[in-house]
Each structure stands twice: as C-alpha cells, then as structure tokens.
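Notes for the one structure printed next.
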Amino acid sequence: MVSAGVVSALDLLDRSPRNVSRWRTRLCIAIMSVVWVCDLPPAMGQLAQTVATQADELPKVNKEGWTSSAVCGECHQAIHAVWQHSLHAMSWSNGVFQARYRRSIERYGEEQARACLSCHAPTVRHGGDFGVKNAVTAEGVTCDFCHSVNAVDLSDSSDPFRLTVGGSKHGPLRHAQSPAHEVQDSQLHTRSEFCAPCHEYRNANGLTVLGTYSEWKASPYAKRGKQCQDCHMPLVEGRVVALGVKRDTPTSVNLHNISGSHDIERVRGAVELKLTGYEWFGDRAWVYVSVKNKGSGHCFPTGLPMRRAELVVTIRDGAKPVDERIIPFQAVMEDKSGRVLQEEHRVFIEAARVRSDTRIKPGETRKLEISFRDIKASRLTVDAVLSYEYETEALMIEQGQERFEPVQMKFLIASVQDTMKPL
Ligand code: HEC
Ligand code: HEC
Ligand code: HEC
Ligand code: HEC
Ligand code: HEC
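Remember, our numbering sits 6 above the position in the sequence shown when you count from 1.
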C-alpha cells in the first residue's frame, strides 16, 4: 500500500515557477494516495469473479434487496468502469472518511455516528446494516442506491429519499427495456433535487453545514435550468449496456465519475485570476486583483468548510520578497462556545454559527484592493498565486496495522505576475 503522500508546508513555501511542476506532481501523488488508502473488502472481489464465470447466463439482480455494483457492471460495463474510481464509490472505504468516522464513534458514540452512514454508505437507509456487515454497504454511494430512488422530499430532512429497492431501476432513458430488471423513467435523475439530500445538510443546531444545493439554487445557473448533472455528468461516448446484452442501446452515457476538487483541471477551469492594475505614490502602493468564479455552479469552494482557496500577493524587489498579503476564500464555522472547528466530524455535529464566509458566489467577480506601505524600491514585481487547500487526516492500514496520518493537499490553481514602477 502507498504510504502517506504528505506534503509538508515547508515544501510549499518556495513558490518559484521552477518548483511549481515538481510541487504539482507531489501534490497529485498526495491526493491519489489518500483516495486509495483502503482497499474494498475482499467479499466484493469474490463476487465479481463469481459473476464472470456465469457468462452464459445473464447476471441476476436481487429482487428482494440491494444488488452489488459488480452485478450491474456485468451489463453496464462502460458506466461501471468509470464509477468504480469515483469518490462516490469510495465514500465509505476511503481513508479520510474512515479516520473521521472512527473519531466520531470515539467522541459521540456509535448511535450518533450512524448519521454519517446515511450519506457515506446510504444503503443503510433500507435494511439498516449500520455495522457494515454486507459487502454492498461498503460500496458507498453505489449504483443500486442512486437507481432505486423514485422521489425525494426535501421538506423531510430526516429521511428525504423515497426508495423502491429490488427489481426496478429508475433512470433518465425513455423507453428503455431490460431483461434483468424493470425500468422506470425518472426525470428526477436529470435534476439537482436528486443530489440535494446528500449535498445539503443542516445539523441539529440548525446550521447549514453543507450548502451546495442551496448555493446552486440561488445562482443564475438554477434560473437558467442548468443542473448539477449538466456540469458533473456530461454525456460521453460509451454503450449503456454491453453489446452482448443488447444491440440497440444508446452509444453515449452520462459520465459517472462525478468529479469535484479531486479533478485539478476542473477546479482550474472554474476560476479566473487577474492583476487588473496598480497605483504607487511615494512609499505607498495599491495592487488590484480580481478573482472570478466563472465556472462553478455554487460557491467556490463548496462543500465542507475545510475546503479553502488562498490567494497570496507578494511584491518583490528583484528576487527579494518585500511584503506579502494572504487572502483566504473560505467559510469558517464555530461551535456554541465560539471555538473554530477544523475537523469534519466536529463540523457536522457541533457547528453552531458561521463566523465568516469569504467564498466566491457563482458568477461573482471579487475585486480586491491590496495596499502596501513603507516601500523603498524604485521598481518592483508583483505576483498573485491562487491555490486550493485541504487539511485532514487519513486512516492507513499496512500489514494489518492501523494508524492515523496527517494529510495536507494543496495545488496551484493560477498565478499571474507584473512589474510596477512609481508614478
Ligand atoms: C447518497 C448520497 C449522495 C448522492 C445521492 C450524491 N452524492 Fe455526491 N457525494 C456524496 C458523498 C458522501 C461524497 C463524499 C465522498 C468522499 O469524499 O468520501 C460525495 C462527493 C461528491 C463530489 C466530490 C467528488 C470529488 O472529486 O471531490 C461531487 C462533485 C459530487 N458528490 C456530486 C454529486 C452530484 C452531481 C450528485 C447528483 C447527480 C450527487 N453527488 C449525488 C454523497 C452523495
Ligand atoms: C443482464 C444485464 C443487466 C444487468 C445485470 C443490469 N442491467 Fe440495467 N439495464 C440493462 C438493459 C438491457 C437496459 C436497457 C438499456 C436500453 O434500453 O437501452 C438497462 C437499463 C438500466 C437503466 C436505465 C433506466 C432508465 O429508464 O433510464 C438503469 C438506471 C439501470 N439499468 C440500472 C441498473 C442497475 C443499478 C443494475 C444493478 C443493480 C443493473 N441495471 C443491472 C441490463 C442490465
Ligand atoms: C450518485 C448517484 C449515481 C450513482 C452512484 C450511479 N448513477 Fe447511474 N445515473 C445517475 C444519474 C443522476 C443519471 C442520469 C444523468 C442525467 O441524465 O443527467 C444516471 C444514468 C444512468 C443510466 C442511464 C444511461 C445514462 O448514462 O444516462 C444507467 C444505465 C446508469 N446510470 C447505470 C448506473 C450503474 C450501472 C452504476 C454503477 C456502476 C451507476 N449508474 C451509478 C446517478 C448515479
Ligand atoms: C456550472 C457548472 C456546475 C454546476 C451547475 C454545479 N457544479 Fe459542482 N462544481 C463545478 C466545478 C467547476 C467545481 C470545482 C470547483 C469548486 O470546487 O467549486 C465543482 C465542485 C463541486 C464539488 C466539490 C467539493 C469537493 O468535495 O471536492 C461538489 C461536491 C459539487 N461540485 C457538487 C455539486 C452539486 C450537488 C451541484 C448541484 C446542486 C453542482 N455541483 C452544480 C461545477 C458545477
Ligand atoms: C448529508 C450527507 C452527509 C452526512 C450526514 C455526512 N457527510 Fe461527510 N460528506 C458528504 C458530502 C456530500 C461530502 C463531499 C463534500 C465535500 O467534500 O466537501 C462529504 C465529505 C466528507 C469528508 C471528506 C472526504 C474526503 O474524501 O475528502 C469527510 C472526512 C466526511 N465527509 C466525514 C463525515 C463524517 C465523520 C460524518 C458524520 C459525523 C459525515 N461525513 C456525515 C455528505 C455527508
């Protein structure tokens, strides 16, 4: 197993362009190793083999309860191949979640920690396998969960999903027909409301901890009818079912890896950083920077408050840094006694107030005026570097030994540079 790809803060201090590509590579490794820390339980591997040896017979869907994604994947190969590397597929098994879930049990007891499973292992919502004894529960946000949803009731915050578990699968295709299961046409699957029960969360203190859906709902995208799926699940080439199962089936599928901040290029495409000008009189200068959320359908960043972006504006005299300003884009949440919360499980359960929220709204251009004083140079360079950051811990399992490892992720989104002369 990969050991923790922890990138120390010191490595990141040298932000010279020469170092950026090395820095990027190491950060990608860090992210990948976090995602891959835990293997799926062995039972799943066995299941996949059993199915493969019955190639002459169509794989069977469980009419009484949940079916493993390995069974769905026998026929829906193109979709399964992509889904299995998604964070949804690892929402239970990944080391970052595992670490915080353990912390939740230690801190609040098993009963209260069950709340985590309703989104990270959502098949517990039917059958109540809170001990995660069945392999299918460990598949996290699995095919059968999403395609057993027949309605959502967002006014019922404790139990918003309406499920039909068993032989009937709900999806966006009209007139689909399958020998393996009944097919229900569901336009809900093409709409943001489908994602909302897991991507919007108000805790027992009445605080909205995850607000991705409501951020989208208040955005110009919602008014224009652009749904979560339109950005996160674009149509790509691929057969809905394997050729051997059905010939006349659509040859494009909705991309099922559903990526967010783990897709660095997606994040880079979402924001635009500009140095729009400067003024410099005597020993005082102002630098104007704009940061636009041009492609994210919700706040940038969205999701848990630990996800933050940071802008560092530095003026230099030659190679020597003269002064620096750091501007975070982040929601900061605190508990009832006013203590800032920095761990996911504590935010979910204990957050009571938003102390500050400097995230950039969808479509918003944030204009920043950054002032510097006591400048003695006659010519300066200024650079603005925007990066994405996330700090947490992961549970690592190596040769049967478990340990918690700190994890820091940081990657460069954009950087711009200019020269300055006094007026
Ligand atoms: C049953 C609950 C559930 C549903 C339904 C659901 N999600 Fe998620 N989603 C999660 C959880 C849990 C995670 C976090 C996984 C992790 O990192 O452990 C997640 C993570 C994500 C991520 C982040 C991935 C990354 O690369 O960082 C995106 C993007 C996302 N979901 C989009 C969607 C969209 C779009 C929909 C609707 C089509 C949707 N989700 C439906 C539970 C759900
Ligand atoms: C024996 C092969 C087979 C298996 C196993 C199978 N399916 Fe299907 N599925 C099909 C076929 C065939 C279609 C119809 C495709 C078409 O008409 O173009 C289909 C259609 C679908 C649709 C589209 C429904 C719609 O109206 O949009 C969904 C969703 C779906 N399956 C989900 C699943 C899930 C989830 C599983 C596992 C629990 C699964 N399938 C297992 C063969 C299979
Ligand atoms: C997070 C929920 C989620 C998970 C997990 C998920 N799907 Fe889907 N699936 C969707 C949504 C939403 C759509 C429709 C997207 C749209 O039309 O905009 C869809 C569409 C489909 C379709 C119709 C063809 C298409 O691509 O539009 C099939 C078949 C399907 N999914 C099968 C699967 C299988 C098999 C798996 C597991 C390997 C799976 N899905 C996992 C949410 C999910
Ligand atoms: C206009 C396109 C667009 C729409 C619409 C959109 N998103 Fe996103 N989403 C993005 C981009 C780009 C990112 C990466 C930048 C960021 O983190 O904001 C992202 C990031 C995310 C993340 C990342 C957080 C993480 O853990 O990595 C989640 C979760 C997410 N989106 C869920 C949703 C949900 C749920 C909806 C619908 C309510 C939605 N998105 C609508 C473009 C979109
Ligand atoms: C309402 C659904 C929901 C509940 C309840 C929930 N989560 Fe999550 N969780 C999500 C979604 C959606 C994301 C992805 C958004 C993001 O990454 O910012 C996520 C992300 C995470 C992450 C980051 C994962 C990663 O891979 O980076 C951790 C850790 C986490 N949750 C732990 C917990 C714990 C512990 C609990 C219980 C105390 C919990 N969650 C309860 C929906 C939920």
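Using N, Cα and C, we set each Cβ at its ideal position, and we do this for glycine too.
Since the structure is predicted, the reported quantities are computational estimates derived from the model, not experimental observations.
Checklist entry - Would you call residue 211 buried or exposed, if buried means 16 or more other Cβ atoms sit within 10 Å of its Cβ? => result For this step, residue 211 is matched to residue 205 along the sequence shown. The residue in question, residue 211, is exposed, as its Cβ has fewer than 16 Cβ neighbours within 10 Å.
Item to check | Where the beta strand (DSSP E) containing residue 108 begins and where it ends | outcome: As a first step, residue 108 must be located in the sequence shown, where it is residue number 102. Element bounds for residue 108: not the beta strand (DSSP E) but the alpha helix (DSSP H), 101-114.
Checklist entry - Nearest chain D C-beta to residue 330 closer than 8 Å, yes or no? => result Although the question refers to chain D, the structure presented lacks it and comprises just one protein chain.
Checklist entry - For residue 305 versus residue 206, is the C-beta spacing smaller than 8 Å? => result Here residue 305 refers to the residue found at position 299 when the sequence shown is read from its first residue. Here residue 206 refers to the residue found at position 200 when the sequence shown is read from its first residue. Pairing residue 305 with residue 206 gives a Cβ-Cβ distance that is not under 8 Å.
Checklist entry - On the premise that residue 71 lies in contact with residue 133, defined as a C-beta separation below 8 Å, what is that separation, rounded to the nearest angstrom? => result In the sequence shown, the residue the question calls residue 133 occupies position 127. In the sequence shown, the residue the question calls residue 71 occupies position 65. The pair is a contact, with the Cβ atoms about 6 Å apart (cut-off 8 Å).
Checklist entry - So, is residue 293 buried or exposed, given that buried needs 16 or more other C-beta atoms within 10 angstroms? => result On the sequence shown, residue 293 is found 287 positions in, with the first residue counted as 1. Counting Cβ neighbours within 10 Å, residue 293 comes out buried, since at least 16 surround it.
Next on the checklist: Please identify the residue among 337, 74, 185, 93 whose C-alpha is closest to the C-alpha of residue 264.
Outcome noted: Here residue 264 corresponds to residue number 258 of the sequence shown, with the count starting at 1. The shortest C-alpha separation from residue 264 is found at 93.
Item to check | For residue 414: DSSP bridge partner residues | outcome: Taking the sequence shown and counting its residues from 1, the one referred to as residue 414 is at position 408. In the DSSP output, where bridge partners are listed per residue, residue 414 has 397.
Checklist entry - Tell me, which residues are paired with residue 243 by DSSP? => result Translated into the one-based positions of the sequence shown, residue 243 becomes position 237. Answer is 258.
Checklist entry - At what residue ranges does the stretch 282-326 contain a whole run of the alpha helix (DSSP H), taking only runs of 4 or more? => result Fully enclosed alpha helix (DSSP H) runs of 4 or longer: not present.
Item to check | As assigned by DSSP and simplified to three states, the class of residue 420 | outcome: Position 414 of the sequence shown, counted from the first residue, corresponds to residue 420. DSSP places residue 420 in strand when its eight states are reduced to three.
Next on the checklist: Less than 7 Å between C-beta atoms, sequence neighbours within five positions excluded: which residues of the same chain meet that for residue 299?
Outcome noted: Translated into the one-based positions of the sequence shown, residue 299 becomes position 293. Correct list, in chain order: 276, 277, 306, 366, 367, 368, 369, 370.
Item to check | Cα-Cα separation, residue 52 to residue 358 | outcome: Residue 52 sits at position 46 when you count from the first residue of the sequence shown. Residue 358 sits at position 352 when you count from the first residue of the sequence shown. Any answer about residue 52 is weak, because its pLDDT of 37 lies below 50 and its placement is not dependable; what the coordinates show is given next. Looking at the two C-alpha atoms, the distance is approximately 45 Å.
Checklist entry - Cβ of residue 159 within 7 Å of any heavy atom in ligand 1? => result In the sequence shown, the residue the question calls residue 159 occupies position 153. No, the Cβ of residue 159 stays beyond 7 Å of every heavy atom of ligand 1.
Checklist entry - Does the beta-carbon distance from residue 338 to residue 361 come in below 8 Å? => result Here residue 338 is taken as the residue at index 332 of the sequence shown, counted from 1. Here residue 361 is taken as the residue at index 355 of the sequence shown, counted from 1. In contact: residue 338 and residue 361 (Cβ atoms closer than 8 Å).
Item to check | Residues near residue 98 in its chain [Cβ-Cβ closer than 6 Å; skip 5 each side] | outcome: Indexing the sequence shown from 1 puts residue 98 at position 92. Closer than 6 Å at the Cβ level, and outside the excluded window around residue 98, lie 126, 127, 144, 146.
Next on the checklist: If you reduce the DSSP assignment to three classes, tell me which class residue 195 lands in.
Outcome noted: The residue labelled residue 195 in the question sits at position 189 within the sequence shown. Three-state DSSP puts residue 195 in a helix.
Checklist entry - Taking just the CA atoms, how far does residue 255 sit from residue 192? => result Counting from one through the sequence shown, the residue named residue 192 turns up at place 186. Counting from one through the sequence shown, the residue named residue 255 turns up at place 249. Residue 192 and residue 255: Cα-Cα distance of roughly 18 Å.
Next on the checklist: I'd like to confirm something about residue 374: is its beta-carbon nearer than 7 Å to some heavy atom of ligand 6, or not?
Outcome noted: By its list of ligands, the structure shown excludes ligand 6, since it contains just ligand 1, ligand 2, ligand 3, ligand 4 and ligand 5.
Checklist entry - For residue 238, which option in 273, 225, 244 has the closest C-alpha, if you only look at C-alpha atoms? => result Residue mapping note: residue 238 aligns to position 232 of the sequence shown, counting from 1. With distances taken between Cα atoms, residue 238 lies closest to 273.
Checklist entry - In three-state terms, what does DSSP make of residue 378? => result The residue you call residue 378 lines up with position 372 of the sequence shown. The answer is strand: DSSP assigns residue 378 an E or B state.
Next on the checklist: Give me the residue from 141, 114, 171 with the minimum Cα distance to residue 131.
Outcome noted: Within the sequence shown, residue 131 is the residue found at index 125, counting from 1. Closest by alpha carbon: 171.
Checklist entry - Buried or exposed: which applies to residue 159, given that a residue is buried once 16 or more other Cβ atoms fall within 10 Å of its Cβ? => result Taking the first residue of the sequence shown as position 1, residue 159 is located at position 153. The residue in question, residue 159, is exposed, as its Cβ has fewer than 16 Cβ neighbours within 10 Å.
Next on the checklist: By alpha-carbon positions, which one of 428, 82, 76, 423 ends up nearest to residue 248?
Outcome noted: Looking up residue 248 in the sequence shown gives position 242. Closest by alpha carbon: 82.
Checklist entry - Under three-state DSSP, which class holds residue 175? => result Residue 175 sits at position 169 when you count from the first residue of the sequence shown. Strand.
Item to check | Three-state secondary structure assigned by DSSP to residue 43 | outcome: As a first step, residue 43 is located in the sequence shown; it is residue number 37 there, counting from the start. For residue 43, the predicted model reports a pLDDT of 33, less than 50, meaning its position is unreliable and no value from the coordinates is stated.
Checklist entry - Since residue 371 sits in a beta bridge, which residues does DSSP pair it with? => result The residue you call residue 371 lines up with position 365 of the sequence shown. Looking at the DSSP assignment, residue 371 forms a beta bridge with 298.
Item to check | Residue of 340, 319, 202 minimising C-alpha distance to residue 331 | outcome: Reading the sequence shown from its first residue, position 325 is the one you call residue 331. Of 340, 319, 202, the residue nearest in Cα terms is 319.
Next on the checklist: Helix, strand or coil, according to DSSP, for residue 231 in the structure here?
Outcome noted: For the purposes of this step, residue 231 is taken as the residue at position 225 of the sequence shown. Coil at residue 231, not helix or strand.
Checklist entry - Are there 16 or more other CB atoms within 10 angstroms of the CB of residue 242, so buried, or fewer, so exposed? => result Position 236 of the sequence shown, counting from 1, holds the residue named residue 242. Answer is exposed; the Cβ neighbour count stays below 16.
Item to check | Selection from 136, 280, 403 that minimises the alpha carbon distance to residue 389 | outcome: The sequence position of residue 389 within the sequence shown is 383, counting from 1. Selected option, being the one with the closest Cα: 280.
Checklist entry - Is residue 405 near ligand 1, going by C-beta to nearest heavy atom under 7 Å? => result By one-based count along the sequence shown, residue 405 stands at place 399. No, since every heavy atom of ligand 1 falls outside the 7 Å radius drawn around the Cβ of residue 405.
Next on the checklist: Please give me, in chain order, every unbroken run of the beta strand (DSSP E) with length at least 3 that falls completely inside the stretch 125-160.
Outcome noted: Whole beta strand (DSSP E) segments, 3+ residues: 155-158.
Checklist entry - Got a sec: does ligand 3 put a non-hydrogen atom nearer than 7 Å to the Cβ of residue 321? => result Locating residue 321 in the sequence shown gives position 315, counting from the first residue. No, the beta carbon of residue 321 sits no closer than 7 Å to any heavy atom of ligand 3.
Checklist entry - Do you know whose CA, among 340, 129, 333, lies nearest residue 150's CA? => result Taking the first residue of the sequence shown as 1, we reach residue 150 at position 144. When only C-alpha atoms are compared, the closest one is 129.
Item to check | Residue from 152, 153, 148, 120 with nearest C-alpha to residue 137 | outcome: By one-based count along the sequence shown, residue 137 stands at place 131. By alpha-carbon distance to residue 137, the top candidate from 152, 153, 148, 120 is 120.
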